[in-house]
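Sequences listed follow chains A and B, in order.
Here the first sequence stands for residues 53 to 167, numbered as in this note's numbering.
Here the second sequence stands for residues 185 to 297, numbered as in this note's numbering.
First comes the structure, then the notes that go with it.
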Amino acid sequence: ETGVTQTPRHLVMGMTNKKSLKCEQHLGHNAMYWYKQSAKKPLELMFVYSLEERVENNSVPSRFSPECPNSSHLFLHLHTLQPEDSALYLCASSQDPSGRAYEQYFGPGTRLTVT
Amino acid sequence: KQEVTQIPAALSVPEGENLVLNCSFTDSAIYNLQWFRQDPGKGLTSLLLIQSSQREQTSGRLNASLDKSSGRSTLYIAASQPGDSATYLCAAWGGAGSYQLTFGKGTKLSVIP
C-alpha cells in the first residue's frame, strides 16, 4: 500500500448505529487530518492530529470522535449520526506544519450515507 | 476568517484550448497556496504548492501563480485534454503554526473531445 488509504470506501448506517472510519498513511508523515466534503460546500476541516496529539477541533459535534493511536493511523468513530452528516469524509496527512506549511496528501475518502 | 473563492464554478472548453482557473482569498497573510484536482467520488490529488515567497510553480502543462498583495492565484492549463476533466480546488494555508487549510468550492472543468 502506498500513500493514504481509507476504509471502508462506502458506508451506509442508520442513525442509531455506531461505526468507525479508518485512515492509514504510508508516507512517514506525523500530522493527520479529517475533512468533511458535503455537496456544494467547500471542504471543512474537522480534526487535526500532529505528533499524535489533537491540535485542532473545528466545532465538530460530539457524535464524531477521532482517535490517533500512532502517527500512521487515524480513526473517526461515529455514533447517533443525523442524515445531514451524509458526506464524503477525507483523510489527509503531511509533515507537522507547525514550523512551516507542508503539502497535504489525501486518501480516496469514505462515502457515508446516514439513513 | 479566511475565505477562498473560485470563479467560474464550471467551465467547458474544447480539447486543445489553453485555459485559466481563478482563485481569490480574503486574507493575504497566507503561508502557501495549494492546487488540487478531484475526480468524481474520489479523493484529492495535489497538483502544485506555491510557497508565500514564490510567485509561480510549474509542473508539465500546469502553471500556478500567486499574487499575495491582490489575494489571487491562477492555474493555467496548456493544451487541455479530455483527461483534464475534473474539479480543481485551491486551498490557502493560514500560516506557520496554523493547521487550517481553507478550501474554495472548486471549478468543475469539462474538456470536450
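Cβ atoms here follow ideal geometry from the backbone N, Cα and C, with glycine treated the same way.
Test: residue i CB closer than 8 Å to a CB of chain B
i      : result
A:G66  : no
A:Q147 : no
A:P118 : no
A:Y157 : yes
A:L95  : yes
A:E104 : no
Residue(s) in a DSSP beta bridge with residue i
i      : result
B:I214 : Answer is none; B:I214 lacks a bridge partner.
A:M84  : A:Y101, A:S145
A:L163 : Reading off the sequence, residue 163 of chain A comes out as Arg, not Leu. Paired residues: A:H62, A:L140.
B:G233 : The sequence as given places Leu at residue 233 of chain B; Gly does not occur at that position. The partner list for B:L233 (beta bridge, DSSP) reads B:Q218.
B:D251 : B:R256
A:N107 : Reading the sequence as shown, one finds Val at residue 107 of chain A and not Asn. Answer by DSSP bridge pairing: none, since A:V107 is not bridged.
B:V204 : B:Y260
B:K292 : B:A194, B:T271
A:K70  : A:H131
A:S90  : Bridge partners of A:S90: none, in fact.
B:S243 : B:L246
A:V56  : A:Q77
B:V188 : B:F209
A:P118 : A:L128
A:Y157 : A:S145
Burial state of residue i, where buried means 16 or more other Cβ atoms lie within 10 Å
i      : result
B:D223 : exposed
A:V166 : buried
B:K185 : exposed
A:L79  : exposed
A:G66  : exposed
A:H81  : buried
Neighbour flag for residue i against chain A, beta carbons, 8 Å
i      : result
B:G288 : yes
B:Y260 : no
B:Y272 : no
B:Q218 : yes
B:L246 : no
B:Q238 : no
B:L144 : Any question about residue 144 of chain B goes unanswered here, given that chain B covers just 185 to 297.
B:Q186 : no
Contacts of residue i in chain C (Cβ-Cβ under 8 Å)
i      : result
B:K226 : Going by chain labels, chain C is absent from the structure shown, which instead holds the protein chains A and B.
Top-ranked residue by Cα proximity to residue i, from the options
i      : options                        : result
B:K289 : A:K92, A:A139, A:S111, A:L142  : A:K92
B:N206 : B:K252, B:L259, B:Y283         : B:L259
A:A83  : A:L164, A:C143, A:S138, A:V64  : A:C143
A:L133 : A:Y85, A:L164, A:H81           : A:L164
A:E76  : A:T57, A:V107, A:P135          : A:T57
B:S212 : B:L273, B:L250, B:I191         : B:L250
A:D137 : A:Y87, A:S102, A:L103          : A:Y87
B:Q235 : B:K226, B:S257, B:G227         : B:S257
B:Y283 : A:S90, A:H62, A:E96            : A:E96
B:G267 : B:R221, B:L232, B:G278         : B:R221
A:K70  : A:H131, A:H62, A:Y85, A:F116   : A:H131
B:G278 : B:Q241, B:T242, B:F209, B:A193 : B:F209
Cβ separation of residue i and residue j, assumed to be a contact under 8 Å, to the nearest whole Å
i      : j      : result
B:L293 : B:S269 : 6 Å
B:A262 : B:N202 : 5 Å
B:Q238 : B:S230 : Between B:S230 and B:Q238 the Cβ distance is about 16 Å, and since that is not below 8 Å, they are no contact.
B:E199 : B:S264 : 6 Å
A:Q156 : B:L285 : 6 Å
The ligand GDP heavy atom lying under 7 Å from the CB of residue i
i      : result
B:G278 : No copy of the ligand GDP appears in this structure; indeed no ligand is present at all.
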